Structures are given as C-alpha cells and as structure tokens.
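**Student:** Chains as they are written, first to last, in the working numbering: chain S, 4 to 153; chain V, 4 to 153.
Ideal placement from N, C-alpha and C gives every residue a C-beta, glycine not left out.
Keep in mind the model is a prediction, meaning the values are calculated, not measured.
Here's a structure for you.
Protein chains: 2
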Amino acid sequence: MKNIAPKLIALFKQGFCTPQIAKIAKKLKEPSTTLHYNIKQLEKSGAIKSYKAVFDYKKIGEGHCTYILINLSGENYGNPEVVAKELAKDPKVESIDVCTGDYELLIKLRTKDIDEYYEWIKSKVKKYGFSKSYSITSLKQLKTEFVELN
Amino acid sequence: MKNIAPKLIALFKQGFCTPQIAKIAKKLKEPSTTLHYNIKQLEKSGAIKSYKAVFDYKKIGEGHCTYILINLSGENYGNPEVVAKELAKDPKVESIDVCTGDYELLIKLRTKDIDEYYEWIKSKVKKYGFSKSYSITSLKQLKTEFVELN
DNA sequence: GAGATATTCGAATATTATTCAACTAAATAT
DNA sequence: ATATTTAGTTGAATAATATTCGAATATCTC
C-alpha cells in the first residue's frame with residue numbers, strides 16, 4: 004500500500020487540474036477549438052490563476068474551520084502584508100486578507116480539530132506577536148470556494 | 004464575437020475541470036493507472052467535491068471582496084441554515100457558514116465594486132430581515148481558495 | 001474603406017484518460 | 001497459522017480528449 008491519497012490532496016489543493024473542454028463544448032454547444040482558444044486567452048491574461056479540487060474537508064481531516072481576525076503589534080504593526088505573505092504559505096491557511104475595521108488581517112484556517120487550531124494560533128501569536136485576535140468558528144459550512152455542500 | 008468568456012467563468016467557478024493524471028504521474032513518479040485508481044476512490048468516497056478554477060477576481064469584474072457577519076431576526080432567528088442554504092445559491096457568495104460568536108452567519112461575498120456590494124446587502128437585509136450586520140472589506144488578498152496570489 | 005489584428009472553427013495529430021486483466025498486498029475468517 | 005476474500009497496483013490496449021494548424025470570418029484601427 005502506497006498511501007497516495009495525501010499526496011494527491013496536497014497537489015489538488017492548489018492545482019494539477021485542467022478544464023474539460025469536451026464537456027463544456029456539449030454544454031455550451033460550441034466547437035471545442037473555439038472554447039480552447041477562449042480558455043487559453045483567459046489563462047494568458049491571468050484571469051485564471053489555477054485549476055484545483057474542492058474537498059469535503061471533514062473527510063480529509065480538516066473538519067475544523069476558523070475565521071481569525073488579527074491585530075499586529077510592534078515591528079509588524081506597520082506592514083501587515085509582510086506577515087500575511089508569510090502566513091499565506093501555510094497549507095492550513097485557505098485564505099488571508101488585509102482588511103478594514105478593528106483588525107488588520109483576516110485568516111480562514113482549516114485544521115483537523117480544535118486542538119490543532121489551538122496549537123496553531125498559540126505558535127503564531129508567539130512568532131508574529133499578534134497583539135489581539137478574535138476567532139469565529141464555523142459550525143456548519145453551506146458553501147465554500149463557490150461550491151455548495153450537501 | 005461570441006463573448007464566451009463569461010460563460011466559461013460561470014462554469015469554471017464550480018466545476019467543469021478534471022485532474023491532470025499524466026502531470027501528477029510525472030511529479031510523483033507513479034504509474035498513471037495507479038493514480039487514476041486512487042483519484043476515483045477519493046471521488047467515490049465524496050472526499051473530492053469538485054474540480055474548478057480559481058480566478059484573479061479583479062480581472063473578472065469581481066474585485067470587491069467583503070466578509071459579512073449577520074444576525075437574523077424574526078421567523079429566521081431559529082433556523083439560520085434555511086437562510087444560509089438559500090443564500091448559498093447566489094453566485095456572488097463564495098462561502099457561507101453558520102458560526103459561533105455574536106453573529107449567526109458569515110458570508111464571503113464577491114462583487115464588482117462597493118456599489119454592487121451596497122445594493123446586494125440592502126436587498127438581503129430587506130428580504131431576510133437581518134437584524135444586524137457587520138462588514139469587513141478586503142483591502143488586499145494574499146491567498147484565496149488555497150491559491151496564493153502574486 | 002484598407003490594412004492589421006483578433007476570433008471562429010473543421011480536419012489532422014498528439015496527448016491523455018480509461019478500461020481491462022493479471023498480479024500483489026492486506027485484511028478477515030477458519 | 002493459513003486459507004479466503006477484498007483492496008490496491010500496474011502494463012498493454014483502447015477510447016476519449018486536448019492541441020495544433022490553416023483558412024475563413026469578424027472586429028478594430030487609422
């Protein structure tokens with residue numbers, strides 16, 4: 004047994020997928036070459052960043068979803084983007100925004116459970132010196148990444 | 004000119020993509036048939052919900068991103084899930100969660116601009132009788148849907 | 001309206017996914 | 001422990017699909 008699933012999940016999270024031109028051709032009743040041309044244009048223009056999979060996150064051990072609002076302090080106070088760019092590299096971070104309001108950053112985090120969440124936030128508070136953070140835990144997800152669930 | 008791009012964007016938002024088995028095979032140095040088998044297993048188990056595109060949302064006229072926290076009132080107070088399920092159908096809604104804390108719902112909304120956002124929230128407040136809502140506007144997105152931007 | 005540029009699209013080709021059947025590993029029952 | 005079933009791996013053959021190419025058409029620019 005090779006335990007390939009985790010590797011596939013890691014790859015599919017960000018990419019390694021491609022459009023189904025033939026299916027779209029049937030759906031839109033257009034020649035596949037025309038669609039091919041239009042899709043390549045969207046890619047070239049940068050409008051399409053990636054083709055990826057959306058998961059049932061409970062089933063891949065990332066069932067706990069938290070939205071975290073963050074205040075930075077000290078040296079990081081002035082440049083939230085630097086911290087954000089670094090946090091963006093974390094595979095548990097689904098999204099990160101610099102935002103308006105009482106907090107500078109908004110993170111959507113996916114962890115296995117509340118324990119993993121707690122360890123994560125502790126380590127980041129320490130590392131980046133968040134002066135304050137406010138977490139909102141998802142109780143039920145109805146839609147994510149434009150994909151409806153159930 | 005057929006103006007196919009908007010149709011493609013609508014389809015790619017939720018699906019109409021597929022894994023690139025040959026590319027993965029090269030990357031992981033595994034036979035493509037083995038990967039094919041493992042991917043089908045993930046699909047059958049429901050772990051993979053969909054294959055879709057991630058966009059540079061500015062370039063597709065959805066550059067304004069808002070996180071909206073919502074309190075329900077009246078008849079909708081007790082059953083946030085019913086409202087959430089309905090809102091989930093809206094193509095501008097990227098994600099919607101029932102959540103902990105002072106608000107019942109958390110929506111991630113993508114609109115063209117602040118005007119479109121304002122029209123959207125006005126119409127929903129009216130329709131569902133939100134008793135209160137708090138919006139956080141994204142100033143800069145560093146990562147979305149697990150895909151790093153820039 | 002002439003010339004350049006962008007888009008459409010059918011036919012041919014190249015690439016890739018999928019099926020199949022044999023084999024191997026793992027789990028379960030005896 | 002070992003027989004038996006079930007799950008996972010893999011190469012060869014096939015089916016399906018993306019991609020290239022060239023020609024025609026539409027759109028934009030001056």
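For S/P22, count the other beta carbons within 10 Å of its own beta carbon; 16 or more makes it buried, fewer makes it exposed. Which is it?
**Tutor:** Numbered from its first residue, the first sequence carries residue 22 of chain S at position 19. Per the 10 Å Cβ criterion, buried.
**Student:** Check this for me: beta carbons of V/T37 and V/S141, under 8 angstroms apart or not?
**Tutor:** Locating residue 37 of chain V in the second sequence gives position 34, where the first residue counts as 1. Locating residue 141 of chain V in the second sequence gives position 138, where the first residue counts as 1. It is not a contact, given that the beta carbons lie outside the stated cut-off.
**Student:** Can you give me the C-alpha to C-alpha distance between V/K95 and V/L14, rounded to a whole angstrom?
**Tutor:** Position 92 of the second sequence, counting from 1, holds the residue named residue 95 of chain V. Position 11 of the second sequence, counting from 1, holds the residue named residue 14 of chain V. Straight-line Cα distance between these residues: approximately 14 angstroms.
**Student:** Please compile the residues from chain S whose C-beta is within a distance smaller than 8 angstroms of the C-beta of V/G49.
**Tutor:** Taking the first residue of the second sequence as 1, we reach residue 49 of chain V at position 46. Result: D59, K62.
**Student:** For a contact meaning CB atoms closer than 7 angstroms, what does S/T140 contact in chain V?
**Tutor:** Within the first sequence, numbered from 1, the residue matching residue 140 of chain S stands at position 137. Ordered by position in chain V, the residues that pass the 7 angstroms Cβ test against S/T140 are C102, T103.
**Student:** Is there a Cβ of chain V sitting closer than 8 angstroms to that of S/N79, yes or no?
**Tutor:** Against the first sequence, residue 79 of chain S aligns to sequence position 76. Not an interface residue.
**Student:** DSSP three-state label for V/I139, please.
**Tutor:** Counting from one through the second sequence, the residue named residue 139 of chain V turns up at place 136. Note: V/I139 maps to strand in three-state DSSP.
**Student:** Is the separation between the beta-carbon of S/F133 and that of S/L75 shorter than 8 angstroms?
**Tutor:** Position 130 of the first sequence, counting from 1, holds the residue named residue 133 of chain S. Position 72 of the first sequence, counting from 1, holds the residue named residue 75 of chain S. In this structure, S/L75 lies closer than 8 angstroms to S/F133 by Cβ.
**Student:** Does any C-beta atom of chain V lie closer than 8 angstroms to the C-beta of S/K26?
**Tutor:** Within the first sequence, the letter at position 23 stands for residue 26 of chain S. It does: the Cβ of S/K26 has a partner Cβ on chain V nearer than 8 angstroms.
**Student:** Quick check on S/A25: buried or exposed, where buried means 16 or more other Cβ atoms within 10 Å of its Cβ?
**Tutor:** For this step, residue 25 of chain S is matched to residue 22 along the first sequence. By the neighbour-count rule (16 or more Cβ atoms within 10 Å), S/A25 is not buried but exposed.
**Student:** Exposed or buried, S/D59, counting other C-beta atoms within 10 Å across all chains shown (16 or more means buried)?
**Tutor:** Here residue 59 of chain S refers to the residue found at position 56 of the first sequence. It counts as buried.
**Student:** Where S/E97 and S/E148 are concerned, what is the direct C-alpha to C-alpha distance, given to the nearest angstrom?
**Tutor:** In the first sequence, residue 97 of chain S corresponds to position 94, counting from 1. In the first sequence, residue 148 of chain S corresponds to position 145, counting from 1. Spanning the two alpha carbons is a distance of roughly 10 angstroms.
**Student:** Look at the Cβ atom of V/I71, then the Cβ atom of V/S136, and state whether they are nearer than 8 angstroms.
**Tutor:** Mapped onto the second sequence, residue 71 of chain V falls at position 68. Mapped onto the second sequence, residue 136 of chain V falls at position 133. Yes.
**Student:** For the alpha helix (DSSP H) holding V/K43, just list the boundary residues, first then last.
**Tutor:** As a working note, residue 43 of chain V is residue 40 in the second sequence. Where V/K43 is concerned, the enclosing alpha helix (DSSP H) stretches over 35-47.
**Student:** Of all the options S/C20, S/I42, S/G18, which has the alpha carbon lying nearest to the alpha carbon of S/A28?
**Tutor:** For the purposes of this step, residue 28 of chain S is taken as the residue at position 25 of the first sequence. Checking every option, the nearest Cα to that of S/A28 belongs to S/I42.
**Student:** According to a CB-to-CB cut-off of less than 8 angstroms, which residues of the segment 31-45 of chain S neighbour chain V?
**Tutor:** Answer set for the segment 31-45 of chain S: L31, E33, T37, L38, N41, I42, Q44, L45.
**Student:** Is V/S134 close to chain S, meaning its C-beta is less than 8 angstroms from at least one C-beta of that chain?
**Tutor:** On the second sequence, residue 134 of chain V is found 131 positions in, with the first residue counted as 1. Closer than 8 angstroms: no.
**Student:** Taking the continuous beta strand (DSSP E) assigned at S/E89, which residues delimit it?
**Tutor:** Indexing the first sequence from 1 puts residue 89 of chain S at position 86. Premise fails: S/E89 lies in the alpha helix (DSSP H), 83-91, not in any beta strand (DSSP E).
**Student:** Beta-carbon within less than 6 angstroms of S/D100's beta-carbon, same chain only, minus the 5 sequence neighbours each way: which residues are those?
**Tutor:** For this step, residue 100 of chain S is matched to residue 97 along the first sequence. These residues qualify, in order along the chain: L109.
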